[in-house]
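A.B. asks: Going by full-length UniProt numbering, the first residue of the sequence shown is number 1, and it counts up by one from there. One structure coming up, written as structure tokens, with questions to follow.
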Amino acid sequence: MSGEMSASERREYRALLREQERLLAEREQLRSEFDALAADIDELSRPPREMAELCEEAAAADPEERAQNLSEAAGYWAMDGELDRAKRAHLAAIADGGPVPGDARVWYAVFQLEHGDEQAGTALLETVFAEGTDDYVFYETAAETFEAMEQPQQALRWFEAGLSRLRVLGEDTDEEFGEHRLALGRRRIRQSLDLPEDADDQWAEQERGDWLEEDPRSEEAYSVALATFYLPELEFAHALRRWPELREQYGNHDEHRAQVERNLRATEPGRSPRVAAATVAGLVEYADAESLDPARSQTRAAYAAELSRTGADTSWPPGRNDPCWCGSFRKYKKCCGRPG
1 MSGEMSASER
11 REYRALLREQ
21 ERLLAEREQL
31 RSEFDALAAD
41 IDELSRPPRE
51 MAELCEEAAA
61 ADPEERAQNL
71 SEAAGYWAMD
81 GELDRAKRAH
91 LAAIADGGPV
101 PGDARVWYAV
111 FQLEHGDEQA
121 GTALLETVFA
131 EGTDDYVFYE
141 TAAETFEAME
151 QPQQALRWFE
161 AGLSRLRVLG
171 EDTDEEFGEH
181 RLALGRRRIR
191 QSLDLPEDAD
201 DQWAEQERGD
211 WLEEDPRSEE
221 AYSVALATFY
231 LPELEFAHAL
241 RRWPELREQY
251 GNHDEHRAQV
261 ERNLRATEPG
271 RSPRVAAATV
281 AGLVEYADAE
291 SLDPARSQTR
301 AAYAAELSRT
311 GADTSWPPGR
321 NDPCWCGSFR
331 KYKKCCGRPG
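Laid out in structure tokens, this is it:
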């Protein structure tokens with residue numbers, strides 16, 4: 001019997017070799033993704049102090065990213081309770097003058113507002129505003145900071161200031177997106193103040209309705225399916241003090257944040273996941289109004305849907321160089337987006 005392969009056998013053999021090469025390449029890709037995920041989980045488990053030190057090392061090593069890394073370090077120092085070091089890092093980022101998503105001064109102003117120097121923080125925001133910034137993130141950040149501080153009138157003022165400025169600029173797509181974000185925030189604050197609906201409120205809801213109509217699912221199904229509940233760092237600590245049993249569900253904040261990212265990544269293709277960053281006060285108010293238990297996961301999911309319905313959520317994923325959705329002050333690609 002001849003040992004030579006027939007033409008059909010050779011074709012089959014070559015096909016098997018190609019399949020073997022494909023499987024080997026797929027295995028290497030999976031191994032690479034697993035290694036990246038393991039590295040990301042390891043980083044998320046590091047304490048804020050260690051992360052701050054790593055950011056400062058990165059700032060020294062990369063002049064082009066120095067300001068960004070210093071801003072990130074400032075955020076971690078603040079999480080660790082090292083407010084003096086956080087302040088120094090913020091000031092160093094501002095002095096560097098390099099690019100920081102939003103503006104390095106805005107993050108320093110937020111730091112001042114959140115840690116008792118409201119006069120200085122407000123003055124710094126006014127300075128940046130006077131320079132004519134057209135970045136909607138600046139206005140949204142300022143407004144939502146005052147909203148979290150339970151100063152709705154100030155929050156409304158910053159939403160309206162941003163909306164007015166962007167409307168002067170024309171029809172650019174990015175500006176239209178920012179205008180809608182600010183209008184939704186403005187509408188949310190006006191509702192909390194029991195102010196009557198005006199033309200801008202109607203426009204914000206109409207734009208949102210047009211957007212939802214592009215998806216075949218109902219608004220309720222859309223919100224429930226795609227809005228993921230998330231507690232930022234300080235709110236997470238507040239929630240654990242109020243409901244200690246949540247620790248069994250969430251673990252620590254790093255684990256909570258990592259789980260939210262995994263849930264977002266697991267969203268089926270064709271859907272548009274969103275992050276609903278919650279506050280304890282808002283959750284309690286919602287639960288009381290609906291006669292629900294805020295410690296139950298179903299209540300938190302329903303509250304996330306409500307935040308999405310009112311526009312108080314964030315689309316996911318952010319741009320690779322945009323601030324991470326989790327509020328860490330880091331670029332998404334250097335934070336929760338690392339395994340991407």
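For each residue, glycine too, the CB sits at the ideal point set by N, CA and C. The structure displayed is predicted, hence computed values, not measured ones.
How long is the line joining the alpha carbons of G251 and C335, rounded to whole angstroms?
C.D. replies: Spanning the two alpha carbons is a distance of roughly 19 Å.
A.B. asks: Find the nearest neighbour of Q154 within the set R66, A183, I189, judged by alpha-carbon distance.
C.D. replies: Q154 has its Cα closest to that of I189, out of R66, A183, I189.
A.B. asks: Rounded to whole angstroms, how far is the Cβ of A277 from the Cβ of T314, which I believe are closer than 8 Å?
C.D. replies: About 7 Å separates the two Cβ atoms, so the contact holds.
A.B. asks: Applying the criterion that 16 or more other CB atoms from any shown protein chain within 10 Å of the CB defines a buried residue, is Y108 buried or exposed?
C.D. replies: Under this definition Y108 is a buried residue.
A.B. asks: Starting from Y303 and walking both ways along the alpha helix (DSSP H), at which residues does that stretch end?
C.D. replies: 297 to 309 is the extent of the alpha helix (DSSP H) around Y303.
A.B. asks: Let me see if you follow: with CB-CB separation under 8 Å, is W325 close to chain B or not?
C.D. replies: Protein chains in the displayed structure number just one, and chain B is not present.
A.B. asks: Which full runs of the alpha helix (DSSP H) of 4+ residues lie inside the region 125 to 200, going along the chain?
C.D. replies: For the region 125 to 200, whole alpha helix (DSSP H) runs of length 4 or above, ordered along the chain, are 136 to 148, 152 to 168, 173 to 192.
A.B. asks: Taking one C-beta from the region 55 to 69 and one from the region 11 to 31 each time, how about it: are there three or more such pairs within less than 8 Å?
C.D. replies: Result no; under three Cβ-Cβ pairs closer than 8 Å.
A.B. asks: For the ligand ZN, any of its heavy atoms closer than 7 Å to the Cβ of R181?
C.D. replies: Inclusion of the ligand ZN in the displayed structure is not the case, the ligand content being empty and no account of it being possible.
A.B. asks: Can you check which of these residues, L156, W316, A73, H115, is closest to R88 by C-alpha distance?
C.D. replies: The candidate whose alpha carbon is nearest that of R88 is A73.
A.B. asks: DSSP beta-bridge partners for V275?
C.D. replies: BP columns for V275 point to T228, T314.
A.B. asks: Quick one: residues in its chain with C-beta nearer than 7 Å to the C-beta of R167, no 5 flanking neighbours on either side, listed in chain order?
C.D. replies: E179.
A.B. asks: DSSP beta-bridge partners for P323?
C.D. replies: Per DSSP, K331.
A.B. asks: Quick one: give me the first and last residue of the alpha helix (DSSP H) that R46 is part of.
C.D. replies: Looking at the DSSP string, R46 is not in any alpha helix (DSSP H), and its letter there is neither H nor E.
A.B. asks: If you follow the alpha helix (DSSP H) that L113 is in, where does it begin and where does it stop?
C.D. replies: Residues 104 to 114.
A.B. asks: I need the straight-line Cα distance from Q191 to E205, nearest angstrom please.
C.D. replies: Their Cα atoms are separated by approximately 12 Å.
A.B. asks: Give every residue of the same chain whose Cβ lies closer than 7 Å to the Cβ of A239, excluding the five residues on either side of it in the sequence, and list them in chain order.
C.D. replies: The answer, listed in chain order, is L231, L246, V280.
A.B. asks: Helix, strand or coil: which one does DSSP assign to W243?
C.D. replies: Three-state result, W243: coil.
A.B. asks: How many Å lie between A305 and L16 at the Cα?
C.D. replies: Straight-line Cα distance between these residues: approximately 49 Å.
A.B. asks: How long is the line joining the alpha carbons of Q202 and T122, rounded to whole angstroms?
C.D. replies: Answer to the nearest angstrom: the Cα atoms are 30 Å apart.
A.B. asks: Check for me: the alpha helix (DSSP H) holding A281 runs from which residue to which?
C.D. replies: From DSSP, the alpha helix (DSSP H) with A281 extends over 280 to 290.
A.B. asks: Tell me the rounded alpha-carbon separation between Q119 and E26.
C.D. replies: Computed Cα separation, rounded: 56 Å.
A.B. asks: In or out: E220 buried (at least 16 other Cβ within 10 Å) or exposed?
C.D. replies: Because the pLDDT of E220 is 41, which lies under 50, any placement of that residue in the model is unreliable, and the number read from its coordinates should be weighed accordingly. Looking at its Cβ environment, which holds fewer than 16 other Cβ atoms inside 10 Å, E220 is exposed.
A.B. asks: If you follow the alpha helix (DSSP H) that V260 is part of, which residue opens it and which one closes it?
C.D. replies: Taken as a continuous stretch (DSSP letters only), the alpha helix (DSSP H) holding V260 covers 253 to 265.
A.B. asks: Out of E53, F138, A199, R187, which has the shortest C-alpha to C-alpha gap to L156?
C.D. replies: Closest by alpha carbon: R187.
A.B. asks: Count the other C-beta atoms from every protein chain shown that fall within 10 angstroms of the C-beta of P47, then say buried if there are 16 or more, exposed otherwise.
C.D. replies: Exposed: under 16 other Cβ atoms inside 10 Å.
A.B. asks: Using only alpha-carbon positions, find the residue among E248, S272, L70 that is nearest to residue 347.
C.D. replies: Since the first residue shown for the chain is 1 and the last is 340, residue 347 is missing from the structure and cannot be characterised.
A.B. asks: Can you tell me whether A302 is buried or exposed? The criterion is at least 16 other CB atoms within 10 Å of its CB, across all chains shown.
C.D. replies: Buried, because 16 or more other Cβ atoms sit within 10 Å of the Cβ of A302.
A.B. asks: Could you please give the first and the last residue of the uninterrupted alpha helix (DSSP H) stretch that includes M79?
C.D. replies: It spans 66 to 79 - the alpha helix (DSSP H) in which M79 sits, taken as one unbroken run.
A.B. asks: On a CA-only basis, which of P196, F177, G185, E176 is nearest W158? Give me that one, please.
C.D. replies: Ranking P196, F177, G185, E176 by Cα distance to W158 puts G185 first.
A.B. asks: Using the C-alpha atoms, what's the distance from R66 back to L234?
C.D. replies: If I take the Cα positions, the gap works out to 26 Å.
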